[in-house]
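Numbering (this note's numbering), first residue to last: 8 to 133.
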């Protein structure tokens, strides 16, 4: 699976802004059955071909926006995830617990240390 997002640059061409790729559920089976995995050159060709279609979609969006006009402003209610009091209770212990965690280079080791720090802070807070 491949998701590609793009945008128009100042020259009017399409720049690739984001690529998200992942293997399908059948990918391993296909490779085991002898199908070659996708190589970098094939992905690069696909990204170049995607630019044409992204450009068509951008043009359609711009045309629609021109026909519809600017949307009316919307008032959004302010929603706070936590109070200042709760933030204050957590910030000190969490900051101290995470100070060394962010220095760990290994991803899995860092994740384990982060989980342990989180659990310790939650335990201390009750």
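Backbone N, C-alpha and C define an ideal beta-carbon position, used for all residues, glycine too.
message: Distance check for residue 11 and residue 54, CA to CA, integer angstroms please.
response: Indexing the chain shown from 1 puts residue 54 at position 47. Indexing the chain shown from 1 puts residue 11 at position 4. In a straight line, the C-alpha of residue 54 is about 8 angstroms away from that of residue 11.
- prompt: Run through DSSP, which three-state label would residue 22 get?
  reply: For the purposes of this step, residue 22 is identified with residue 15 of the chain shown, where counting begins at 1. The answer is strand: DSSP assigns residue 22 an E or B state.
query: Would you report the Cα separation of residue 39 and residue 96, rounded to the nearest angstrom?
result: Taking the chain shown and counting its residues from 1, the one referred to as residue 39 is at position 32. Taking the chain shown and counting its residues from 1, the one referred to as residue 96 is at position 89. For residue 39 and residue 96, the distance between alpha carbons rounds to 53 angstroms.
message: Taking a contact to mean a Cβ-Cβ separation below 7 angstroms, would you say residue 61 touches residue 13 in this structure?
response: Working through the chain shown from its first residue, we reach residue 61 at position 54. Working through the chain shown from its first residue, we reach residue 13 at position 6. Against a cut-off of 7 angstroms, the Cβ pair of residue 13 and residue 61 comes out as a contact.
- prompt: Does DSSP classify residue 13 as helix, strand or coil?
  reply: Taking the chain shown and counting its residues from 1, the one referred to as residue 13 is at position 6. Reduced to three states, the DSSP call for residue 13 is strand.
field: Inter-stretch contact at 8 angstroms, needing at least 3 Cβ pairs: the segment 26 to 36 / the segment 71 to 89
entry: Between the segment 26 to 36 and the segment 71 to 89 there are fewer than three C-beta pairs closer than 8 angstroms, too few to call the two in contact.
- prompt: In angstroms, rounded to a whole number, what distance separates the CA positions of residue 120 and residue 93?
  reply: Along the chain shown, read from residue 1 onward, the residue named residue 120 stands at position 113. Along the chain shown, read from residue 1 onward, the residue named residue 93 stands at position 86. If you take the alpha carbons of residue 120 and residue 93, they lie about 23 angstroms apart.
Cα-Cα separation, residue 31 to residue 99: Numbered from its first residue, the chain shown carries residue 31 at position 24. Numbered from its first residue, the chain shown carries residue 99 at position 92. Distance between the alpha carbons of residue 31 and residue 99: 44 angstroms.
Simplified DSSP state of residue 101, which is helix, strand or coil: Working through the chain shown from its first residue, we reach residue 101 at position 94. Under the three-state reduction of DSSP output, residue 101 falls in the helix class.
- request: Could you name the residues that DSSP lists as bridge partners for residue 27?
  value: Within the chain shown, residue 27 is the residue found at index 20, counting from 1. Answer is 10.
message: Using the three-state DSSP reduction, which class does residue 118 fall into: helix, strand or coil?
response: Counting from 1 along the chain shown, the entry for residue 118 is found at position 111. Note: residue 118 maps to helix in three-state DSSP.
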